[in-house]
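Here is the structure we will look at, set down as structure tokens.
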Amino acid sequence: MSKQKRFIRARDLFRLESVTYAELSPDGRHVVYAVQQTDAATLKKHSNLWIAPVEGGVPYRFTSGKHSDTTPRWSPDGSRIAFISNRGAATQPQLYIIPFGGGEARQLTTLHGDFDSFEWSPDGAALVCQFRKQDAEDAAREQDEKKKQLGVVARHITRLFYSLDGAGYLPQERWHLWVINAESGKARQMTEGDCYDEGNPRWSPDGAFIAFFSNRAPDPDMEPALVDLFVIPAAGGEMRRLGTPPGEKRALSWSPDGRSIVYVGQKGAKDWWQNDRLWLVSVDGESLGESPGDSPVRCLTEAHDLSFTAATLTDTVGAMSVPPVWSLDGTRLYAQASRNGGTGLYAVTVADGALEPLIAGAEVVGAWAFDQQQQRLSYLRGTFEDPVQLWMLDCASRETWQLTRLNRKWLREVNLGAIEEVWFKGPAGNDLQGWILTPPDFDPAKRYPSILEIHGGPLAQYGYSFMHEFYYLAAQGYVVTFCNPRGGQGYGEAHAKAIWGGWGAVDYDDLMAWTDLVAALPYIDPERMGVTGGSYGGYMTAWIIGHTERFKAAVAQRCVSNLISMWGTSDFNWTFQEPFGDQPPYETIETLWRCSPVRYIGNAKTPTLVLHSERDMRCPIEQGQQLYTALRRAGVKAELVLFPEESHGLSRGDRTDRRIARLKHIRRWFVEHLA
């Protein structure tokens, strides 16, 4: 007789193994990947590098220790792996290189500051890095034990964007490009400047140039979307701007012949709702059309209402975006895109923009990589039932196979419940997608309380990813429902643009249509329905309780409640005005107030729990405090739970004991009010 499976627990987060990056070796025989785990005794997260043989053999640990080894990158010949680590006596993360054939990791750099993206040169002699030096004042404080104990005396802020959620207050120093000799570790700064950042550096195929993004506006903080594409000689010299449309840009890649660059981006400085598209740029400014007068820039994916980004949310491991990759003959591009709840891998023909799905099922594709001959590719794959595994694809036969068995030991113990996908019509006749998760011991003859989960963003989507929170709530006996109302990504530009100019309108209508559908199910008790969500989902939760009494309990997490006070206090700073008419509150306050949930709290009757992190710089703590205070003053039963030291990302990556406490508070509130 088989052993009965248990239900998922909050403490299973301590057993979760997450993959933060993976890359296939140039010869296609091995994959290196970084696995992150949490030490339940110390609550510290650490990650080590693992190697998975592609054909036969069992994955094995390649580095060890209670530190974080991250972002492994193979050298072009496959003999070495570069990675970032905080191991040893280093007070800050440094670049390391380890021989693949055996031997100890060697610290390459002794720089004081922060590393971001880096890439090997084509000949393997150097690495280009995006690096930000430590502020001189902070460095001096670390050398003086008394000053170190006293901490920061005052913060002198002169720039407009001065904070970033998860990072805190930003230093005065900027991100610049550095080239590091792969043998000696000698570091050479390529770019400099007091008010400009450079990022996403990529070598040209011949190693002669480095391309990168930078905002060179007179004051980049006043025009944050005016990002341009530049090239600079790798040996040093003057940088050159390539003509591209204004707009957000990220993830670039050189063509095999070095004559073109493709990047992912948008056209327009303030229209966040746009699809992320693939743009082709001529490096020398030559025409990309049929006649000499045609533009040196061309959008390759204009014909497809598809966003080339990893937009699917999860609370276990993110769907990491990878820059587009060219085919060896330069005729095709491969890139991630999100559609209908999934994130897949697509091929785009350069000549005519024709689109072909390569991996596009009920799954979420994370970091992926080809071998040198593009005969195989490795990819991280997440599904409803599995947080992440490493998979392989044979490019000729399209055969796929799984390399890892992460989280198997505890996942095989649990009954997660069942998920049903539902397509339905919204109030405007629009097609909408949702899912219904039933408890592990579900009996269709019974009637159940339910919880509506609303995603954040809003430019994101729920979909085919593992959500520990959803399974935990289902294990408590709730039917958990989630859908993608208008305003998110994955369903085209019209869907995303629908809430531009004001939240709480058609998005609310779509959520109520979904609620009507759920309430009519024979196994749902319409008198025991709850609602929760975080960030934009917290906004919609707060909006809902001011507009309807159909939910008997609500949990507003890391919410937006007052768009007027949100202006200038979020790490989005003043740009938060752009989706609401693009006017500051001192010029026109009506739209921001009309769209603020706290305005309608006088109508609320729903018992509401407010959860917020004390170091949330995306939706500052005052947003949760205002909602809580307004509810109490309006006579509504409400409680406030604050999490010290945590950021906006608590639910998916901060300290595990606080993540568990958060889940237990959510459970407690719904048990109390939906029993």
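Taking my numbering, I'd label the letters of the sequence shown as residues 105 to 779.
C-beta: ideal position from N, C-alpha, C; glycine also.
These numbers were taken from a predicted model, which means no experiment stands behind them.
Using the beta-carbon count (16 or more within 10 Å), is residue i buried or exposed?
i, result
"Leu731", "buried"
"Gly538", "buried"
"His260", "exposed"
"Pro396", "Only weak support exists for where Pro396 lies, its pLDDT of 47 falling under 50; the value from the coordinates is given anyway. The residue in question, Pro396, is exposed, as its Cβ has fewer than 16 Cβ neighbours within 10 Å."
"Thr214", "exposed"
"Trp505", "exposed"
"Asn61", "Coverage of the chain is limited to positions 105 through 779, which leaves residue 61 absent and any answer about it impossible."
"Leu147", "exposed"
"Leu778", "buried"
"Thr760", "buried"
"Arg512", "exposed"
"Met105", "Low confidence applies here, because Met105 scores a pLDDT of 45, under 50, leaving its location unreliable; read the following figure in that light. Classification for Met105: exposed."
"Arg184", "buried"
"Pro683", "buried"
"Lys107", "exposed"
"Tyr164", "exposed"
"Ala338", "buried"
"Leu667", "buried"
"Gly169", "exposed"
Name the residue from the options whose alpha carbon lies nearest to the alpha carbon of residue i.
i, options, result
"Ala441", "Lys290, Tyr450, Gln293", "Tyr450"
"Gln370", "Leu410, Asp388, Leu484, Gly341", "Leu410"
"Ser225", "Gly341, Val745, Gly182, Gly255", "Gly182"
"Leu356", "Gly561, Asp490, Pro630, Asn304", "Asn304"
"Val622", "Leu541, Thr405, Lys601", "Leu541"
"Thr681", "Pro400, Lys374, Glu390, Met424", "Reading the sequence as shown, one finds Gln at residue 681 and not Thr. That would be Lys374, whose Cα lies nearest to the Cα of Gln681."
"Ala271", "Phe204, Leu254, Met721", "Met721"
"Arg771", "Phe574, Ala338, His599", "Phe574"
"Ala522", "Ala578, Ser569, Gly560, Pro553", "Ala578"
"Ile797", "Thr673, Ala230, Glu352", "Not covered by the structure: residue 797. The range shown for the chain is 105 to 779."
"Arg344", "Asp310, Gly311, Asp388", "Asp388"
State the Cα-Cα distance for the pair residue i and residue j, rounded to the nearest angstrom.
i, j, result
"Asp686", "Val136", "45 Å"
"His752", "Cys663", "10 Å"
"Phe488", "Val775", "25 Å"
"Ala209", "Val283", "20 Å"
"Trp178", "Glu597", "37 Å"
"Gly591", "Gly192", "46 Å"
"Met571", "Ile764", "14 Å"
"Gly486", "Gly446", "10 Å"
"Gly457", "Asp173", "39 Å"
"Val123", "Gly739", "46 Å"
"Gly741", "Thr733", "Note that residue 741 is Lys in the sequence shown here, rather than Gly. Cα to Cα, the separation comes out at about 11 Å."
"Glu718", "Gly638", "15 Å"
"Trp697", "Trp671", "11 Å"
"Arg509", "Leu199", "29 Å"
"Asn319", "Asp143", "40 Å"
"Leu274", "Gly207", "38 Å"
"Ala138", "Leu497", "20 Å"
"Gly434", "Asp535", "37 Å"
"Gln477", "Gly533", "47 Å"
"Arg654", "Met616", "10 Å"
"Ala439", "Ala126", "16 Å"
"Ile52", "Thr645", "This structure does not reach residue 52, given that the chain is present from 105 up to 779, and the question cannot be answered."
"Phe502", "Leu404", "Reading off the sequence shown, one finds Arg at residue 502, where the question assumed Phe. If you take the alpha carbons of Arg502 and Leu404, they lie about 25 Å apart."
"Glu517", "Glu246", "47 Å"
"Gln661", "Phe747", "11 Å"
"Ala415", "Gly594", "7 Å"
"Asp218", "Trp279", "9 Å"
"Cys699", "Ser669", "12 Å"
Compute the beta-carbon to beta-carbon distance between residue i and residue j, rounded to the nearest angstrom, for a pair I have assumed lies under 8 Å.
i, j, result
"Ala471", "Leu484", "5 Å"
"Phe316", "Glu302", "5 Å"
"Val635", "Ala658", "5 Å"
"Thr695", "Gly641", "Their Cβ separation, rounded to whole angstroms, is 21 Å, which puts Thr695 and Gly641 out of contact at 8 Å."
"His134", "Val162", "In fact, because the Cβ distance is near 12 Å, the residues do not count as touching under 8 Å."
"Thr348", "Val401", "6 Å"
"Gly802", "Asp620", "Residue 802 falls outside the range modelled here, since the chain spans only 105 to 779, and no answer is possible."
"Gly780", "Val469", "In the structure displayed, the chain extends from 105 to 779; residue 780 sits before or after that span and is not available."
"Glu277", "Asp239", "6 Å"
Using a Cβ cut-off of 7 Å (strictly closer), state whether residue i contacts chain D.
i, result
"Asp375", "The structure shown contains no chain D, having only a single protein chain."
Alpha helix (DSSP H) segments (min. 4 residues) lying fully within the stretch 550 to 627: 572 to 579, 597 to 601, 610 to 623
Unbroken stretches of the beta strand (DSSP E), 3 residues or longer, contained in the stretch 125 to 163: 134 to 142, 149 to 157
Alpha helix (DSSP H) runs wholly inside the stretch 384 to 452, at least 4 long, in chain order: none
4 or more residues per run - each alpha helix (DSSP H) lying fully within the stretch 202 to 255: 240 to 247, 249 to 254
Secondary structure, beta strand (DSSP E): runs of 3+ residues fully inside the stretch 323 to 390: 331 to 337, 344 to 346, 353 to 358, 364 to 369, 381 to 386
Every unbroken beta strand (DSSP E) within the stretch 703 to 777, with a cutoff of 3 residues, ordered by chain: 712 to 717, 742 to 747
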